[in-house]
Amino acid sequence: MQYNTIKITTEQAEQIALDLFSINGKAKPLPGELDFNFRIKDGGDKSYILKISRPDEDEDYLDYQQQLLLHIEKKGKDIVSPLVIKDKNGHAISNFKDDSGNLRMVRLLTWVSGRVWSSVNPQLDTLRFSLGEQCGKITQILKDFDHPNAHRDFEWDIVQSLWTKEHLHLFKGEEKEIIAFFQSGFEKDASTYTDLRKSVVHNDANDNNVIVSPDLVQPKTSAIIDYGDAVYTQVINDLAVACAYAIMHHNDPLEAALPLIKGYHSTFPLEEAELEHLYNAIAMRLVISVTKSAINRVKEPDNEYLLISEKPAWEVLKKWYAINSGFAKYSFRSTCGFEAHPNTKKFEDWASTQNFELSDLFPTVGKNEVHHLDLSVSSKWIGHEKEFNDLDLFQFKIDRLQKEKPNQILAGGYLEPRPLYTSTEYDKIGNSGRESRTIHLGVDFWLPAQTPVHAILDGEVIIAVNDEGDKEYGGLVILKHQAENFSFYTLYGHLTPGSATSKKRGEIIKKGGCIGHLGNYPENGNWAPHLHFQVMLSLLGHTIDFPGVAYFKQLDVWRSLCPDPNLLFKVEGLENSNRTTNEDLISYRKKYLGKSLSLQYKIPIRMVRGAGQYLMDQYGQKYLDTVNNVAHVGHENYAVVKAGKEQMALLNTNSRYLHENINELAKELLETLPPELSVLHFVNSGSEANELAVRMVKAVTGERDIIASEVGYHGNSNMCIDISSYKFDGKGGQGAPEHTHIFPLPDTFRGKYRDENAGSKYTEEVQYQIDSIHKKGRGVGAFIIEPIISCGGQIELPKGFLSQAYATIRAAGGLCISDEVQVGCGRMGKTFWGFQLYDVIPDIVTIGKPLGNGHPLAAVACTQEVAEKFANGMEYFNTFGGNPVSCAIGTAVLRTVKRDKLQENALEVGEFLKSELQLLSAEFPIIGDVRGQGLFLGFELVDGKMNPLGDHADYLANRMKDHGILMSTDGPDYNVLKIKPPIVFTKENAKELIFYLGKILAEDYMKSY
């Protein structure tokens, strides 16, 4: 029967609702495979779903659906589900004859309000967990329900899915191979699958049948609707169906499935045997879907609903095919609270009865004690990335340590998070940004090249290859061992390729037999000589290698799959030491550190290592840093670190002694400044720099009154707080002190003046403050401002303002201070200093954060006139200001900026990033303004009436953190996202930032304001 001849129009649906149920309303069509579904809204606040069958539908089948809903209504007190509405004659199922004389069945159900799953963005783990909970609750309620029509032939029932084999010819190439693979696997496991628990289940929790709460930040599944596909089948099939749809549109569908499975298990406990079949069951639901689409493309080309899931179904099916089925099963077990690998406990029990010694593994070494070698991400021993990648240096350090510990083997590393794996082969793009494999799964024994490695028990050679490539295994041997009622494997990596490949697959190596010899770099995968020794309970289908490093998110699974090798040796030095948790650190801070100290983000991060534009937490997870302009030339820049270490090893003292370093730094700094600013004082922080600048002002002018911008911030010392509106006008502040005079924030976006004459008008505000000072019989000391006001929200000064303001101040006898603590040293791109953007020359420049790249170093540059008047007989001495170590570091920073052309990089990358942000603002109107220069940018979030959206900015910063990108907010209303990364930030980094900003800006909360 042709689809168009049986289709029901909205007008017809409205008339049917009126004729049969006395409901006068407006109809809107809804998706449906068999029924024609409509939402009916009456004139009030009530809505219904009208379901009209195709001709000759089985009334008993429809009765089954109605009885099922009535059962849920009776038993499921905390379950929201559609309620049955009877027609005018009291029938749960009504009917009419269509224009062709066909009898059509009609049902009316209450409308369940909420958002459908497919419209919800983002679909977080918590949402998928709640979906699992709901599905499990419904299964729990239905386990004592039955009906003859629940036991029917049904193509969407996974247990009946092998009908798809008849249509395999519809597919070609890779798609045919994938479908055949899953059909074969499902068929092979049929005997144990058939015996699984059965019940009537919903069987269709697809993305249009799941209703979600209105909460846009932490949405939860509130209901599951449309029980038309309910069937008596294996219980696990219900979970498989829910997973098949919920894992679509994710880079890692396995990770996406786990919260849903956990939620289901929490309300309907799953059995271990059921989890064995979940991987294939999910796949077969997807196979049904794509097969249906292929068939229906021919049968009903006009029915768009039949094709709606085809593309995403294929996308997820291909990703599912790439996931090892064993690893998926172990992940399912782990998330349900079972031991990930069923033999883990068996191995532990067996190992506890065995007595192996390290001398069995290395008989020529003859040592059984270990010195633990910490190569973790927070290890100070491995040092800088450049040092641990220098294999000659690394080996030298190993040799030196071995001399210090002559009777011990240097070893360690089980489940150690390491920063060593710098190759992109260790990275992937997960569901929340970039992830790196960092968790080491074996134990490393650092011994000389050519050290023979022997079998500690009988084993069969399973793999013996040269796994060549940078940071691979080199020579690799894997042995299989048989215990009483289970088998396991041991892995020997970084052997000489020749010794490894001399072994043949199937060969038996007896206890004490030689497995191979340790290789040297580069043949051993380009590592310093060592043995990577690992225990595995499964090979996960690997035939030429096996992972030695895992993703942190998968730690629980890998811990079970690859037990601690020290269970065999029981050596004290190999035991993992207890590590302080984040909760311990937070608790100590709260108890003993200043009560006004804050932590970034709702869930704080523990950072232990930096590298360029990245920070790393204690698990080795990298975060792209767009916030920390302190690390001006990159976190732990090697040239800077080296300069500091070398000078620290020689001398650190004060500036009263002659030393070249202070002069070298002065020369580098003066090269960047105009000739008028020719005298330098070195201090330790931006606060000290601004404090000194104010002292200079008082000495030069004899005045104490300072004019500063609203929301300006100039440091944390008493005098700096007194001129920082950001502090004294904020929480805990008491307003401006007597000698501080604040003019309005010179913001042309949401500030007091916004037109083309804003610069002159803000200058008038400065003049007003001058007049106010004069009325009190006092003179102007100075005017201080940042060239781009950071805490104000990255505010660029209006055109003409700074030059006019400087002229006005100087006319009143005051000095002009440019606070370059945030913006200086090349960050502006177009210019080296922020004041140069406006073609002015200050009397005093204060320099801070960037100059020391994280080391406490700052400076004050001033004119000869200011310097001479400041030298009034009172000596200025700063114990640490200008010390040789700080000066060596500062010189290295400035030379790095110049040598590596980082000012040019700030210009190129900054302009690219700013243009991309402007394109984003056109797509997402919540971005009201994009501003800044070079790599000192900001964008402001506002609604259509220019109201600030601080909560949205906070949401955006925290969601970006979830995706491995650090951002923070600022501005008077904390609605500005600031971007001020290390100036080694690349165009690729900028593209990554823009991509994830676009992703988060498209989320429901960010579009609701």
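In terms of the working numbering, the sequence shown is residues 4 to 1012.
Glycine is no exception: its CB is placed at the ideal position from the N, C-alpha and C atoms.
(message) Is it buried or exposed, F998, if we count other Cβ atoms within 10 angstroms and call 16 or more buried?
(response) For the purposes of this step, residue 998 is identified with residue 995 of the sequence shown, where counting begins at 1. If you draw a 10 Å sphere on the C-beta of F998, you find fewer than 16 other C-beta atoms in it, and that means exposed.
(message) Just to check my reading of the structure: H484 and G462 have Cβ atoms closer than 8 Å, yes? What is that Cβ distance to the nearest angstrom?
(response) The residue you call residue 484 lines up with position 481 of the sequence shown. The residue you call residue 462 lines up with position 459 of the sequence shown. Right, their Cβ atoms sit about 5 Å apart.
(request) Go through its chain and collect everything with a Cβ distance to L257's Cβ below 7 Å, but skip five positions before and after it. (result) Translated into the one-based positions of the sequence shown, residue 257 becomes position 254. Within the same chain, L257 has close Cβ partners I326, A331 and S334.
(request) Alpha carbon to alpha carbon, how far is E926 from P262? Give it in angstroms, no decimals. (result) Start at 1 with the first residue of the sequence shown, and residue 262 comes out as number 259. Start at 1 with the first residue of the sequence shown, and residue 926 comes out as number 923. Roughly 32 Å between the two C-alpha positions.
(request) May I ask you to report which of helix, strand or coil DSSP gives N687? (result) Translated into the one-based positions of the sequence shown, residue 687 becomes position 684. Here N687 sits in coil by DSSP.
(request) State the start and end residues of the unbroken beta strand (DSSP E) segment that holds Q537. (result) Mapped onto the sequence shown, residue 537 falls at position 534. Element bounds for Q537: L534 to M539.
(request) Could you tell me the boundaries of the beta strand (DSSP E) in which Y492 lies? (result) On the sequence shown, residue 492 is found 489 positions in, with the first residue counted as 1. Where Y492 is concerned, the enclosing beta strand (DSSP E) stretches over S490 to L498.
(message) So for R830, helix, strand or coil by DSSP?
(response) Along the sequence shown, one-based indexing puts residue 830 at 827. DSSP places R830 in coil when its eight states are reduced to three.
(request) Name the one or two DSSP bridge partners that A864 has. (result) Translated into the one-based positions of the sequence shown, residue 864 becomes position 861. Answer by DSSP bridge pairing, in chain order: L683 and V848.
(message) For L800 and P853, what's the separation of their Cα atoms in angstroms?
(response) Within the sequence shown, residue 800 is the residue found at index 797, counting from 1. Within the sequence shown, residue 853 is the residue found at index 850, counting from 1. Computed Cα separation, rounded: 21 Å.
(message) Do E136 and G46 count as a contact pair if the criterion is CB distance below 7 Å?
(response) Along the sequence shown, one-based indexing puts residue 46 at 43. Along the sequence shown, one-based indexing puts residue 136 at 133. In this structure, E136 does not lie closer than 7 Å to G46 by Cβ.
(request) List the endpoints of the continuous alpha helix (DSSP H) containing C565. (result) Translated into the one-based positions of the sequence shown, residue 565 becomes position 562. In this chain, C565 is not harboured by any alpha helix (DSSP H), its DSSP state being neither H nor E.
(message) With distance defined between alpha-carbon atoms, name the residue in M539, H74 and D470 nearest to V446.
(response) Taking the sequence shown and counting its residues from 1, the one referred to as residue 446 is at position 443. Ranking the options by Cα distance to V446, first place goes to M539.
(request) Identify which residue in N105, A259 and Y282 has its Cα closest to the Cα of G3. (result) There is simply no residue 3 to check, as the chain begins at 4 and stops at 1012 in what is shown.
(request) Please go through the same chain and pick out, in chain order, the residues whose beta-carbon is closer than 6 Å to the beta-carbon of T294, but skip the five residues on each side of it. (result) Position 291 of the sequence shown, counting from 1, holds the residue named residue 294. Hits under 6 Å: T167 and H170.
(message) Since P783 and I792 should fall inside the 8 Å C-beta cutoff, what is the C-beta to C-beta distance between them, to a whole number of angstroms?
(response) One-based indexing of the sequence shown puts residue 783 at position 780. One-based indexing of the sequence shown puts residue 792 at position 789. Checking the sequence shown, residue 783 turns out to be Val, not Pro. About 20 Å; that fails the 8 Å criterion.
(request) Sort out for me which residues DSSP pairs H484 with in a bridge. (result) Indexing the sequence shown from 1 puts residue 484 at position 481. For H484, which the question treats as bridged, DSSP gives the partners F491.
(request) Look at the alpha carbon of D255 and the alpha carbon of V552, and state the distance between them as a whole number of angstroms. (result) To locate residue 255, count along the sequence shown from 1; it is residue 252. To locate residue 552, count along the sequence shown from 1; it is residue 549. So the two alpha carbons sit approximately 18 Å from each other.
(message) Three or more C-beta pairs under 8 Å: does that hold for the stretch 639 to 656 against the stretch 376 to 391?
(response) The answer is yes - the stretch 376 to 391 touches the stretch 639 to 656, with three or more Cβ pairs under 8 Å.
(request) Return the first residue and the last residue of the alpha helix (DSSP H) that N585 is part of. (result) Along the sequence shown, read from residue 1 onward, the residue named residue 585 stands at position 582. Note, N585: alpha helix (DSSP H), N585 to Y595.
(message) Can you tell me where the alpha helix (DSSP H) holding M287 begins and where it ends?
(response) Reading the sequence shown from its first residue, position 284 is the one you call residue 287. Boundaries of the alpha helix (DSSP H) around M287: L281 to K302.
(message) For F883, which residues in the same chain have their Cβ closer than 6 Å to its Cβ, ignoring the five residues on either side in sequence?
(response) Counting from one through the sequence shown, the residue named residue 883 turns up at place 880. By the criterion of a C-beta distance shorter than 6 Å, F883 is surrounded in its chain by N687, once the five residues flanking it on both sides are discounted.
(request) Take A761 as the anchor and find which of P125, P984, L805 and L944 has the nearest alpha-carbon. (result) As a first step, residue 761 is located in the sequence shown; it is residue number 758 there, counting from the start. With distances taken between Cα atoms, A761 lies closest to L805.
(message) Just to confirm, is the Cβ distance from L278 to R336 under 7 Å?
(response) Your numbering for residue 278 matches position 275 in the sequence shown. Your numbering for residue 336 matches position 333 in the sequence shown. Yes, Cβ-Cβ distance for L278 and R336 is below 7 Å.
(message) According to DSSP, simplified to helix, strand and coil, what is N469?
(response) Within the sequence shown, residue 469 is the residue found at index 466, counting from 1. N469: strand per DSSP, three-state reduction.
(request) Output the residue ranges of the alpha helix (DSSP H) runs that lie fully inside the stretch 320 to 379 and measure 4 residues or longer, sorted by chain position. (result) Segments of the alpha helix (DSSP H) lying fully in the stretch 320 to 379: 328 to 338, 347 to 355 and 361 to 364.
(request) Please confirm if the stretch 698 to 709 is in contact with the stretch 902 to 910, defined as three or more CB-CB distances below 8 Å between the two stretches. (result) Short answer: they don't touch.
(message) Relative to the C-alpha of G832, which candidate in I968, L910 and W120 has its C-alpha closest?
(response) As a working mapping, residue 832 is identified with position 829 in the sequence shown. The shortest Cα separation from G832 among I968, L910 and W120 belongs to L910.
(request) Could you tell me which of M287, L127, D567 and L969 sits nearest to F350, measuring between CA atoms? (result) As a working mapping, residue 350 is identified with position 347 in the sequence shown. The option with the nearest alpha carbon to F350 is D567.
(request) Please name the residue, chosen from N961, P887 and L450, that lies closest to I1003 on a Cα-to-Cα basis. (result) Against the sequence shown, residue 1003 aligns to sequence position 1000. I1003 has its Cα closest to that of N961, out of N961, P887 and L450.
(message) If we require 4 or more residues per run, which alpha helix (DSSP H) segments fall completely within the stretch 118 to 163?
(response) As far as the stretch 118 to 163 is concerned, its whole alpha helix (DSSP H) runs of at least 4 residues are 128 to 145.
(message) Assuming contact is defined by CB atoms lying nearer than 7 Å, are K964 and L940 in contact in what I supplied?
(response) Taking the first residue of the sequence shown as 1, we reach residue 964 at position 961. Taking the first residue of the sequence shown as 1, we reach residue 940 at position 937. Result no, Cβ atoms of K964 and L940 do not sit closer than 7 Å.
(request) Tell me, please, which residues DSSP counts as bridged to E951. (result) In the sequence shown, residue 951 corresponds to position 948, counting from 1. Sequence inspection shows Pro at residue 951; the Glu mentioned does not correspond to that position. According to DSSP, residue pairing for P951 in a beta bridge involves V945.
(message) Between A452 and E691, how many whole angstroms is the CB-CB distance? I'm expecting something under 8 Å.
(response) Here residue 452 refers to the residue found at position 449 when the sequence shown is read from its first residue. Here residue 691 refers to the residue found at position 688 when the sequence shown is read from its first residue. Contact between A452 and E691 fails: their C-beta atoms lie close to 53 Å from each other, not under 8 Å.
(request) Could you name the residues that DSSP lists as bridge partners for P32? (result) Here the question's residue 32 lines up with position 29 in the sequence shown. Answer by DSSP bridge pairing, in chain order: F41.
(request) Determine the burial state of N212: buried for a count of at least 16 other Cβ atoms within 10 Å of its Cβ, exposed for fewer. (result) Here residue 212 refers to the residue found at position 209 when the sequence shown is read from its first residue. So N212 counts as buried.
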